[in-house]
Amino acid sequence: MRLSKFGFIFMALSGVVLFLPILVVSASALNGGRSMLFPPQDPTLARFGEFFISEPIWRNALKNSVIISLSSAALSVLFAWPAAYFIWKRSTALSRVIAGLMAMPFAVPPIVFGVGLGFMWAFSGGLGTIWAGILSLGALFAALPLVTISIGLQSIDDAHLDAAATMGATEATAFRTIVLPQTIPYTISGFFFAMVLSFNEFIVMFFVSSSAYSTVTLQIFNSLRNGFTPTMAVAAITFIVVSLVVFSLVARFGDLPRLMGADQSRR
Amino acid sequence: MSVSTAEGMAPDGVKETEGREPALAFKIALVILLGILCLVPFLFVLAISVGHKIEGAGWAFGFELTHYKRFLLGATWPETFQILYLQKLGYSLMFAAIGAVIAVALAFPFTYFLTRLTRRGQTVWLVLLLSSLSLSEVFIVMGWDILLSARSGLPALLDWVGFTDLMKDWGWFQWFRDIGLASPRAFKFKTSGLATVLCMSYLVWPYAVILLYPALSRLEPSLMEAARTMGARPSVVMRTVVLPSVKLPLFGSTLLLFVFLLGTYVTVTVFADPSQHTLAVSIYDSVRGSTLNAPFGAAQSVILLITAAVFLFAGQKLSNAGDRA
Numbered sequence: 105m106r107l108s109k110f111g112f113i114f115m116a117l118s119g120v121v122l123f124l125p126i127l128v129v130s131a132s133a134l135n136g137g138r139s140m141l142f143p144p145q146d147p148t149l150a151r152f153g154e155f156f157i158s159e160p161i162w163r164n165a166l167k168n169s170v171i172i173s174l175s176s177a178a179l180s181v182l183f184a185w186p187a188a189y190f191i192w193k194r195s196t197a198l199s200r201v202i203a204g205l206m207a208m209p210f211a212v213p214p215i216v217f218g219v220g221l222g223f224m225w226a227f228s229g230g231l232g233t234i235w236a237g238i239l240s241l242g243a244l245f246a247a248l249p250l251v252t253i254s255i256g257l258q259s260i261d262d263a264h265l266d267a268a269a270t271m272g273a274t275e276a277t278a279f280r281t282i283v284l285p286q287t288i289p290y291t292i293s294g295f296f297f298a299m300v301l302s303f304n305e306f307i308v309m310f311f312v313s314s315s316a317y318s319t320v321t322l323q324i325f326n327s328l329r330n331g332f333t334p335t336m337a338v339a340a341i342t343f344i345v346v347s348l349v350v351f352s353l354v355a356r357f358g359d360l361p362r363l364m365g366a367d368q369s370r371r
Numbered sequence: 006m007s008v009s010t011a012e013g014m015a016p017d018g019v020k021e022t023e024g025r026e027p028a029l030a031f032k033i034a035l036v037i038l039l040g041i042l043c044l045v046p047f048l049f050v051l052a053i054s055v056g057h058k059i060e061g062a063g064w065a066f067g068f069e070l071t072h073y074k075r076f077l078l079g080a081t082w083p084e085t086f087q088i089l090y091l092q093k094l095g096y097s098l099m100f101a102a103i104g105a106v107i108a109v110a111l112a113f114p115f116t117y118f119l120t121r122l123t124r125r126g127q128t129v130w131l132v133l134l135l136s137s138l139s140l141s142e143v144f145i146v147m148g149w150d151i152l153l154s155a156r157s158g159l160p161a162l163l164d165w166v167g168f169t170d171l172m173k174d175w176g177w178f179q180w181f182r183d184i185g186l187a188s189p190r191a192f193k194f195k196t197s198g199l200a201t202v203l204c205m206s207y208l209v210w211p212y213a214v215i216l217l218y219p220a221l222s223r224l225e226p227s228l229m230e231a232a233r234t235m236g237a238r239p240s241v242v243m244r245t246v247v248l249p250s251v252k253l254p255l256f257g258s259t260l261l262l263f264v265f266l267l268g269t270y271v272t273v274t275v276f277a278d279p280s281q282h283t284l285a286v287s288i289y290d291s292v293r294g295s296t297l298n299a300p301f302g303a304a305q306s307v308i309l310l311i312t313a314a315v316f317l318f319a320g321q322k323l324s325n326a327g328d329r330a
């Protein structure tokens, strides 16, 4: 079906508004001075050097962001895989409890989860440690790989499993030869979703880090009272580029419309 | 397929009993781990909200309702009655409701058109939407901060195109000043409720599209084509075919985004006037910020949580009722 003229204009305008703030921030990174002006004044690329190389504050923050997002995404997948598999195998009360627990942090305003985690880690002595941050984000975003892996498991043809069982394959063999290969793209997508979101996470990290270390988003918020600077705009560019690359990869190697719940019968 | 391994030869009964025990133990371990990470934090909030405040930032377990009393009636009740915190809750509800409704209202036509595109077109848009959706609130606030700033944003643009002078000539400028969107000389959007709501709806707009996408992509095109062939105008098709079938997803997404926006923090601190600061800001001040009263912060969190739960529950009831009707 072709789009009407109105549809085309509406989509184009939405796209413009969607990318306007991002575009303005990206352009501001070129400012020669310390203030965020648009259009940028005496353009320079020096801010990129500051962000990635010369300023240890930003370098450390970026390092923490990368470590925390990669580890917490891996953890999310580790939580999500057995949960998704149990739910798919047999829907018991226990597997529903698991799914319910993983959905909890997603169903409430994030600030409340952050406050609670802050209390819990303060009580157990983990507050301000990197591993507490990793565990927190791992729990927060476990629901994402749970969803993608479940979609992957549902796409497995029962006939394949029946055939394997008839030929005498154990559950372990069928898992290794049928289930695992067919769900790997969905697992990777789930990992990427969790990774990008924990890379950008702010409010939960804010309560569990307790100012002991900072990630890029925390560092930006901490510097807020002095106003935004072009170096922070470089961070914004970095983050949006990472997201674009990651989601393009997901789209390239997986079926993004399907992951987002599109109807399969239409092309 | 290589299935002729030793374990493949084992009789069925042996395999079953061997497999079940460790699986159950594993499941229970997973429940405990997830319980600690996903449920215990909320229990801490609940426990500390009735705990005792220790001067200097600490708290101790206990049972007192002073913090809830302070929220609902004011610290000095019954001598005086304060609605300061109820007011903050009111601002939370107001901003979140307006933000969510605007986001869904603008996302609905967009998603409808999106699902009419080719598979390839949809994929490209989804990549852009997901990238925007995952972008941290701090960056989004940064972008709108520049766009609304007096020196290089919208006020400067309005000045440049002559809109400011036009409004002054027509005598309408005073009206903008009265509603807090202008300083004596020019337009001013920071701080204002408009900027807060604008940034909030921008924040959740991509979420709204993603939430509406499954329902709209499952709409049967033949149904709409049939209506069109029978001579129904596009607006009639929209009203009689499309809207009724996506009524529930529209309602559900608005509710979810409303709950999500209840906790918005960065947007409110940057764009809202301090007199209109929401409960989220007050929670931060109590837990980590200037006022340092962890039990009171916890009590405020519990109230925000209850508010969210009430709306989700009422929404569930309403949509069930709508389903049956």
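Chains as they are written, first to last, in our numbering: chain A, 105 to 371; chain B, 6 to 330. Each residue gets a CB set at the ideal place from its N, CA and C atoms; glycine is no exception.
Checklist entry - Any chance the region 135 to 142 of chain B sits against the region 346 to 362 of chain A, with 3 or more Cβ pairs inside 8 Å? => result Three or more beta-carbon pairs separated by less than 8 Å link the region 135 to 142 of chain B to the region 346 to 362 of chain A, which places the two stretches in contact.
Item to check | Exposure of B/Phe276, with buried meaning 16 or more beta-carbon neighbours within 10 Å | outcome: Burial state of B/Phe276 is buried, judged by a 10 Å Cβ sphere holding 16 or more other Cβ atoms.
Checklist entry - Between B/Leu297 and A/Lys193, what straight-line distance do the alpha-carbon atoms span, to the nearest angstrom? => result C-alpha separation (whole angstroms): 48 Å.
Checklist entry - Leaving out the 5 sequence neighbours to the left and right, which residues in its chain are closer than 6 Å to A/Leu239 when beta-carbon positions are compared? => result Contacts found: none.
Next on the checklist: Which residues in chain A have a C-beta closer than 8 Å to the C-beta of B/Val292? List them in chain order.
Outcome noted: Per Cβ cutoff of 8 Å: Val219, Gly222 and Phe311.
Checklist entry - On the three-state DSSP scale, how would you describe B/Ile59? => result Strand at B/Ile59.
Checklist entry - Relative to chain B, which residues along the region 296 to 322 of chain A have a C-beta separation below 9 Å, given in chain order? => result Those residues of the region 296 to 322 of chain A placed with their C-beta closer than 9 Å to a C-beta in chain B are Phe297, Val300, Leu301, Phe303, Asn304, Glu305, Phe306, Ile307, Phe310, Phe311, Ser314, Ser315, Val320, Thr321 and Leu322, ordered along the chain.
Checklist entry - Quick one: what's got a C-beta closer than 8 Å to B/Leu122's C-beta in the same chain, skipping five residues either side? => result So the list reads Trp130, once near-sequence residues are dropped.
Next on the checklist: Tell me the DSSP secondary structure of B/Trp82 in three-state form.
Outcome noted: The three-state secondary structure of B/Trp82, taken from DSSP, is coil.
Checklist entry - Are the CB atoms of A/Asn168 and A/Thr270 nearer to each other than 8 Å? => result For A/Asn168 and A/Thr270, no; Cβs fall outside 8 Å.
Checklist entry - Can you find a CB in chain A that lies within less than 8 Å of the CB of B/Glu142? => result Flagged as an interface residue toward chain A: B/Glu142, by a C-beta distance shorter than 8 Å.
Next on the checklist: Can you confirm whether B/Met243, when its beta carbon is compared against all beta carbons of chain A, has any partner nearer than 8 Å?
Outcome noted: For B/Met243, the answer is no, since every Cβ of chain A falls outside 8 Å of its Cβ.
Item to check | Residue of A/Ile113, A/Lys109 and A/Gly331 minimising C-alpha distance to B/Gly148 | outcome: If we check each option's Cα against that of B/Gly148, A/Gly331 comes out closest.
Checklist entry - Taking the alpha helix (DSSP H) that B/Tyr117 falls in, what are its first and last residues? => result Judged by DSSP secondary structure, B/Tyr117 falls within the alpha helix (DSSP H) whose first and last residues are Leu89 to Arg121.
Next on the checklist: By DSSP's criteria, B/Phe192 is part of a beta bridge. Which residues make up the other side?
Outcome noted: For B/Phe192, the pairing in a beta bridge is given by DSSP as B/Ala187.
Item to check | Three-state class that DSSP yields for B/Trp177 in the structure shown | outcome: In the structure shown, the three-state DSSP call for B/Trp177 is coil.
Checklist entry - If we count the other Cβ atoms within 10 Å of its Cβ and call it buried at 16 or more, is B/Asp150 buried or exposed? => result B/Asp150 is buried by the Cβ-count criterion.
Checklist entry - For the region 320 to 346 of chain A, which segments carrying the alpha helix (DSSP H) assignment without a break, of at least 4 residues, lie completely within its bounds, in sequence order? => result Within the region 320 to 346 of chain A, the complete alpha helix (DSSP H) runs of at least 4 residues are 320 to 326.
Checklist entry - Along chain B, in chain order, which residues have C-beta atoms closer than 9 Å to that of A/Ile202? => result What A/Ile202 touches in chain B: Lys32, Leu35, Val36 and Leu39.
Next on the checklist: So B/Thr116 contacts chain A; which residues on that side make the cut at Cβ distance below 8 Å?
Outcome noted: The contact set of B/Thr116 on chain A, defined by CB atoms closer than 8 Å, is empty, because the minimum CB distance reaches about 10 Å.
Item to check | Residue range of the unbroken alpha helix (DSSP H) whose run includes A/Pro186 | outcome: Going by DSSP, A/Pro186 is part of the alpha helix (DSSP H) stretching over Pro160 to Lys193.
Checklist entry - Within the present structure, is the beta-carbon of A/Ala355 separated from the nearest heavy atom of the ligand NAD by less than 7 Å? => result In the structure on display, the ligand NAD does not appear, and there are no ligands present to speak of.
Item to check | Cross-chain neighbours of B/Phe301 in chain A, by beta carbon under 8 Å | outcome: Here the premise fails: no neighbours, minimum Cβ distance about 12 Å.
Next on the checklist: Here's a check: name, in chain order, each residue in its chain whose Cβ is nearer than 7 Å to the Cβ of B/Tyr289, leaving out the five neighbours to either side.
Outcome noted: Excluding residues within five positions, the ones whose Cβ falls inside 7 Å are Tyr270.
Checklist entry - Interface residues of chain B around A/Ser132 at Cβ under 8 Å? => result Under the 8 Å cutoff, chain B gives Ile151.
Item to check | the region 297 to 313 of chain B in contact with the region 51 to 60 of chain B per 3-pair CB rule at 8 Å | outcome: The count of Cβ pairs closer than 8 Å, one atom from the region 297 to 313 of chain B and one from the region 51 to 60 of chain B, reaches three, so the stretches are in contact.
Checklist entry - Count the other CB atoms within 10 Å of the CB of B/Lys322; is the residue buried (16 or more) or exposed (fewer)? => result Residue burial is scored here from C-beta neighbours: B/Lys322 has fewer than 16 other C-beta atoms within 10 angstroms and is therefore classed as exposed.
Checklist entry - Buried or exposed: which applies to B/Asn325, given that a residue is buried once 16 or more other Cβ atoms fall within 10 Å of its Cβ? => result Within a 10 Å sphere around the beta-carbon of B/Asn325 sit fewer than 16 other beta-carbons, which makes this residue exposed.
Checklist entry - Under the DSSP definition of a beta bridge, which residues are partnered with B/Trp64? => result According to DSSP, which records beta bridges pairwise, B/Trp64 is partnered with B/Lys58.
Checklist entry - Looking only at its own chain, which residues have a Cβ that is under 6 Å from the Cβ of A/Pro147, when we skip the five neighbours before and after it? => result Excluding the 5 residues flanking it on each side, A/Pro147 has same chain C-beta neighbours closer than 6 Å at Leu134, in chain order.
Next on the checklist: With the cut-off set at 8 Å, would you say A/Gly294 and A/Ala207 are in Cβ contact?
Outcome noted: Taking 8 Å as the Cβ cut-off, A/Gly294 and A/Ala207 do not qualify as a contacting pair.
Item to check | Cβ shell of B/Lys20 (< 6 Å), same chain only, five flanking positions each side left out | outcome: Any reading at B/Lys20 needs caution, since the residue's pLDDT is 42, under 50, leaving its predicted position unreliable; the model's value is listed next. Counting only Cβ-Cβ distances below 6 Å, and skipping sequence neighbours, we find nothing.
Item to check | Short-range partners of chain A found in the region 202 to 219 of chain B, where Cβ spacing is below 8 Å | outcome: Of all residues in the region 202 to 219 of chain B, the ones placed with a Cβ closer than 8 Å to any Cβ belonging to chain A are Tyr207, Trp210, Pro211, Ile215, Tyr218 and Pro219, in chain order.
Next on the checklist: Helix, strand or coil for B/Gly18? Go by DSSP, reduced to three states.
Outcome noted: Its pLDDT being 41, under 50, B/Gly18 is placed unreliably by the model, and nothing is read from it.
Checklist entry - At least one CB of chain A closer than 8 Å to the CB of B/Gln281: is that the case? => result Cβ-Cβ to chain A under 8 Å: no for B/Gln281.
Checklist entry - With distances taken from CA atoms, which of B/Pro211, B/Phe86, B/Pro160 and B/Met205 is nearest B/Pro189? => result Measuring from the Cα of B/Pro189, the nearest candidate turns out to be B/Pro160.
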